[in-house]
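First comes the structure, then the notes that go with it.
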Amino acid sequence: MDDMVKPWILEKIAQGKAILFLGAGVAYGSKGMQNELPLSGLGLRDAISDQFLGGEEKQKSLVQVADYAKHEAGLPEVQQFIKKKFYPLHPSDFHKLIPTFRWHSIFTTNYDLVIERAYANCSERMQELAPIIRDGDNFSEVMSDINFLPYFKLHGCINTINDQDLPLILASEEYAKHKKNRTRLFRHLSDFGREHPIIFCGYQLSDPNIQQIMFDLADMGIHRPTYMLVDPGLGKYDMKMWAGQRVDPIKAKFEDFINFLNVKIDKQKRILAKLAMSDLSPIFKHLKPQTSLSEQLQTYLNTELEHVYPGLSGAGVKPIDFYRGLDSDWGGILQNLDIKRRVSDQVIIDSIIDNALDGVNTFLVKGYAGSGKSTVLKRVAWYAAHDLGATVVRLKEGAVLRPALIKELALKCESKLIFILDDAIASADDLSKLYRAFEYEPANISILTSARNNEWNQFGDDLDRFVTSEYELSTLTDLEITELIDKLQKHNCLGNFKSNNIDDIKTHFNLSADRQLLVALHEATSGKPFEEIVHHEYSRVVPVEAQILYMDVCTLNRLDVPVRVGLISRISGIGIEQFRDRFFAPLEHVVKVYMDYESRDYAFKARHSLIAKFVFEHALKTPDEKAAQIIRVLEHLNLEYSADSEAFSHLIRGKQLAEIFGDKSLANKIYDAASRTGANMNYILHQKAVYELNHAGCDTKAALSIILSAEKSLAEGRTDRAILHTKAMIYKRLARESRALLEVEKYRAEARIIFDRLITGNKDSRAYNGLAELQLDELEDRINAISDDNSDELTNRAFIELVKKIESTIYNGLQKFPSDEYLLTRQENLAHKLQDSGRAKKILEEAYRSNNSSEFVTIRLARQRITVGEPVDAEQILRTGLVHNPNSKPLHLELAKLLISFNDDHKNIEIEHHLKRSFSPSDANYDAQFWYARHQFLHGDRGKSKEIFAFLKKARMSPWQKNALHGKTVGPDGQDVVYRGTISQEHVSFCFIRCAELNDSIFAHSAKFENLPSEGLKTNVDVSFKLSFSMRGPTAHSVTIIF
270 MDDMVKPWIL
280 EKIAQGKAIL
290 FLGAGVAYGS
300 KGMQNELPLS
310 GLGLRDAISD
320 QFLGGEEKQK
330 SLVQVADYAK
340 HEAGLPEVQQ
350 FIKKKFYPLH
360 PSDFHKLIPT
370 FRWHSIFTTN
380 YDLVIERAYA
390 NCSERMQELA
400 PIIRDGDNFS
410 EVMSDINFLP
420 YFKLHGCINT
430 INDQDLPLIL
440 ASEEYAKHKK
450 NRTRLFRHLS
460 DFGREHPIIF
470 CGYQLSDPNI
480 QQIMFDLADM
490 GIHRPTYMLV
500 DPGLGKYDMK
510 MWAGQRVDPI
520 KAKFEDFINF
530 LNVKIDKQKR
540 ILAKLAMSDL
550 SPIFKHLKPQ
560 TSLSEQLQTY
570 LNTELEHVYP
580 GLSGAGVKPI
590 DFYRGLDSDW
600 GGILQNLDIK
610 RRVSDQVIID
620 SIIDNALDGV
630 NTFLVKGYAG
640 SGKSTVLKRV
650 AWYAAHDLGA
660 TVVRLKEGAV
670 LRPALIKELA
680 LKCESKLIFI
690 LDDAIASADD
700 LSKLYRAFEY
710 EPANISILTS
720 ARNNEWNQFG
730 DDLDRFVTSE
740 YELSTLTDLE
750 ITELIDKLQK
760 HNCLGNFKSN
770 NIDDIKTHFN
780 LSADRQLLVA
790 LHEATSGKPF
800 EEIVHHEYSR
810 VVPVEAQILY
820 MDVCTLNRLD
830 VPVRVGLISR
840 ISGIGIEQFR
850 DRFFAPLEHV
860 VKVYMDYESR
870 DYAFKARHSL
880 IAKFVFEHAL
890 KTPDEKAAQI
900 IRVLEHLNLE
910 YSADSEAFSH
920 LIRGKQLAEI
930 FGDKSLANKI
940 YDAASRTGAN
950 MNYILHQKAV
960 YELNHAGCDT
970 KAALSIILSA
980 EKSLAEGRTD
990 RAILHTKAMI
1000 YKRLARESRA
1010 LLEVEKYRAE
1020 ARIIFDRLIT
1030 GNKDSRAYNG
1040 LAELQLDELE
1050 DRINAISDDN
1060 SDELTNRAFI
1070 ELVKKIESTI
1080 YNGLQKFPSD
1090 EYLLTRQENL
1100 AHKLQDSGRA
1110 KKILEEAYRS
1120 NNSSEFVTIR
1130 LARQRITVGE
1140 PVDAEQILRT
1150 GLVHNPNSKP
1160 LHLELAKLLI
1170 SFNDDHKNIE
1180 IEHHLKRSFS
1190 PSDANYDAQF
1200 WYARHQFLHG
1210 DRGKSKEIFA
1220 FLKKARMSPW
1230 QKNALHGKTV
1240 GPDGQDVVYR
1250 GTISQEHVSF
1260 CFIRCAELND
1270 SIFAHSAKFE
1280 NLPSEGLKTN
1290 VDVSFKLSFS
1300 MRGPTAHSVT
1310 IIF
């Protein structure tokens, strides 16, 4: 067989990069305990005929005979009979050799359990078999774990015969009839077959299964590897024909072939394919004595988790490429191209050098896109490993955070483990699992991670409570700018700025939220505006095929999702090998290639998502071009991959498409293309409704029709909160647009029911805000309807009840989501509506006089008094309300806030009493607890204050809500109190000010300084400041350095 099996395929098999495709012939040699033998297709036909048709119709095909049998006895009976025939089969010795190799994947048209049992009975198996029988079947999870071997059973399995939606397929011609739940299985084969050789075994040339499959794969043209067919019945002309189709024919039985491989490929070489670690790996010197690492962790360290140590090498990078964002390895750090950022030293001190640090601690570097977060984390990792000898590991780009393996490593390390994770939000779910993993078995680990400001504020609420310290990567200091200019000059990367005055160059590097370091460096090295640079780069990419590929990458990479090579191959027919041969040179300065371990595929990315966004927006000049490009990508996504699925969800988001496409026909084409991907129609229709609702020319009734269709497409008994929220918003809008009173009331009732339902368990304020808006719309109508003189008592009572409901909605929302800007706006809207209507004010007064036990009427009237400058009357109204309703938490809180505003120390005891009664311990009245903690800090028990602030810090709120400042301290003269103190603890982006008057150290962020010098924060510097509070505790602001 040596002359038939070529060295290249042996190498691919040894590396674990070959695909096995197994037919019925592979089962030959297996047998049951009672010597049962496998049946051929013809043998199965005859057995079915004998069992169900009295031995008749054996001249017909297997499919026809089976159809007759199903008609006579029913599908369940026929499938049970087939299971009875195949279930007894057990693997022979040669079958048990299959698990001793690593395979990329295995496909089969067999439905027996021979391969499953071969893997279960092989102690030397290289992988864990993971059968995939239907679309889904945890495909994404299987692909993301390198130890799992995906095993696709294209024609079903005898283990699932009771599933009526997944019947056994007896031949390929039945596939179209039973393709439900299997449409993506063959797609995986064609995807994999573009990059990996397929070895067909157990098929005869006349087998319709192999003929159909080979016909489908031949459609891929020449851009695929050579395949192999192992068949003992091959003749001379068969061999010639297959060779002409780029299939190497091997005339042999499968048993002989696998035995040949077992002899030819050394077992040690197969173990190397398993990626076991060398005993000389430097990680071992950091482990506790007599400690070994699991096989899974060794593989992880060899592939996805990079051990950073002094001898670590990396690919070099051209300075100009580094400064333009093209450095995915360690080149920029090793060549010392980066600059020393203030934040780096502080992160090192806090997370690594601090000996008092114990347990699990997280250190977060925040900044805008393109601010240099990744480079800072790399520099910190390198310094910690190289200069401090710390145990440092870094999750590689494209790798998967695997909590169990990180935990194992942390527990086995002699000293603290430093874990570098770039982009916390991208791994938020797994990071949460990691924190939970350490709850009952704590380890000594510092997690250094990063996030974009806007993403952290929006999605970081579940992670925020675990953060020990956070650092802001904002503007460059004078020292940092000077160092950066020196390095740009040294490496001849200043472009047209060479001749500029040094002060002009420094001014160029004054950054802002809209213009980050990446943008400034591009402009400095090219001497042109960023948009012009990016568009010029795109226009210069040649040949045209490379430019098209670059646009495909940018279309997806602007969404911050991996762009699989398999996907690009489907779109353009360009695989990884062809990319390296034809397109690496023209794209090497604009596209990076890396391994995406979640999909086990290589992935492309632009230098930065910011650049990808500019390319998509500016190179595609018209909406028609943008729509055509989005449709082109949508049509080739494989939603079984998590990266493609994430890209899909971003591409069709209604709000984004409403901003891009004013022409609804273009958006409709996009949603039509989305519906052909096999994705859940409920999500597609939901986003289509969102598009309609946000479009400038919204047809609200059309939006309602679409959202109702989205609801109907959900599985029976299932609801979707996002769909419900959009439906409620549509009803709210319809109520605004309707002119018929009955219609208005009907739509509002529908919206109200949904909002009331969504408020329970909601993670954000949207349901509260939506309900408040709905109620305010109704209030507006009632105010317009009441006349100055003729409204009756019933109308007035209905008006007051509505005011109560609005106050209750806003109050409950603000307790759970303090400082929420939308709810605060609704509160202002309510005040204006009631203040601007004389009749409304009169009704409110009458309602209070007739029933002053209503807490929210009392609060609203008191606030009106405060608005017109009558706080004493407001106090009396609130006190009277408490007499009638002494257990009202809202009234206690409102009176406490009013008394605080009087700045009278004699009232401090009473204020404490009211605040204490405005919440229950550890309930969700966060705003009330905030004011109580503030009062205890200023006038009471500091221990209680710290305890409550610690609770609030961990509460489920968005980070920006936790950091919002309120409750400023005001003196008897009504002016802000100014304190003095000395900076006692200096960090890069924050410090603590020791204040004798407050007898405490007060937190101060560098952004709250009025005159911060370019060298940053320094200890032993005298300052003045004003004091407010966040959910984390007392915070200084308006800080001024005293010179």
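Residue numbers are given in my numbering: position 359 of the sequence shown equals residue 628, and the series is strictly consecutive.
Positions of the beta carbon are idealized from the N, C-alpha and C atoms, including for glycine.
Residue i versus residue j: straight-line alpha-carbon distance, rounded
i	j	result
Asn-937	Leu-825	20 Å
Pro-1303	Phe-1259	14 Å
Lys-520	Asn-379	21 Å
Ala-896	Ala-1041	37 Å
Ile-491	His-955	With a pLDDT of 46 at Ile-491, under the threshold of 50, the modelled position of this residue cannot be trusted; read the value that follows with caution. Roughly 41 Å separates the two Cα atoms.
Met-302	Pro-357	7 Å
Leu-1167	Ile-1146	12 Å
Leu-879	Phe-873	15 Å
Leu-786	Pro-812	31 Å
His-1306	Asn-951	48 Å
Ile-278	Pro-466	8 Å
Cys-967	Ile-402	43 Å
Trp-372	Pro-518	20 Å
Arg-876	His-791	12 Å
Met-489	Val-834	Bear in mind that a pLDDT of 49 at Met-489, under 50, signals an unreliable position, so the model cannot answer this.
Ala-888	Gly-842	22 Å
Gln-514	Asp-404	30 Å
Lys-1222	Lys-1231	7 Å
Ile-837	Phe-1278	49 Å
Tyr-709	Asn-1156	40 Å
Ala-1116	His-1101	19 Å
Ala-1313	Ile-1055	The requested residue 1313 is not part of the displayed model; the chain covers only 270 to 1312.
Asn-761	Asn-723	35 Å
Ser-1253	Val-629	26 Å
Burial state of residue i (16 or more Cβ within 10 Å)
i	result
Val-669	buried
Ala-854	exposed
Gln-333	exposed
Pro-494	buried
His-340	exposed
Val-1313	The structure shown has nothing for residue 1313, since the chain only spans 270 to 1312.
Ala-625	exposed
Arg-1017	buried
Ala-584	exposed
For residue i, the residue or residues it bridges with in DSSP
i	result
Ala-872	Arg-833, Tyr-863
Arg-663	Glu-575, Ile-689
Val-1239	Asp-1245
His-1306	Lys-1295
Met-233	Nothing in the structure corresponds to residue 233, since the chain is present only between 270 and 1312.
His-359	Lys-300
Contact belief for residue i with residue j at Cβ below 8 Å, rounded distance in angstroms
i	j	result
Arg-1134	Asp-730	Their Cβ separation, rounded to whole angstroms, is 37 Å, which puts Arg-1134 and Asp-730 out of contact at 8 Å.
Ala-335	Leu-423	Wrong, their Cβ atoms sit about 17 Å apart, outside the cutoff.
Thr-644	Ile-687	No, Thr-644 and Ile-687 are not in contact; Cβ-Cβ is about 17 Å, not under 8 Å.
Phe-735	Tyr-704	5 Å
Val-1290	Thr-1251	7 Å
Val-859	Tyr-819	6 Å
Lys-538	Ala-287	Not a contact, Cβ separation roughly 14 Å.
Asp-821	Val-902	7 Å
Tyr-420	Leu-398	5 Å
Phe-1220	Ser-1189	Wrong, their Cβ atoms sit about 12 Å apart, outside the cutoff.
Asp-1245	Lys-1295	5 Å
Quick one: which unbroken beta strand (DSSP E) runs of 3-plus residues sit fully inside the segment 728-812? Chain order, please.
736-741
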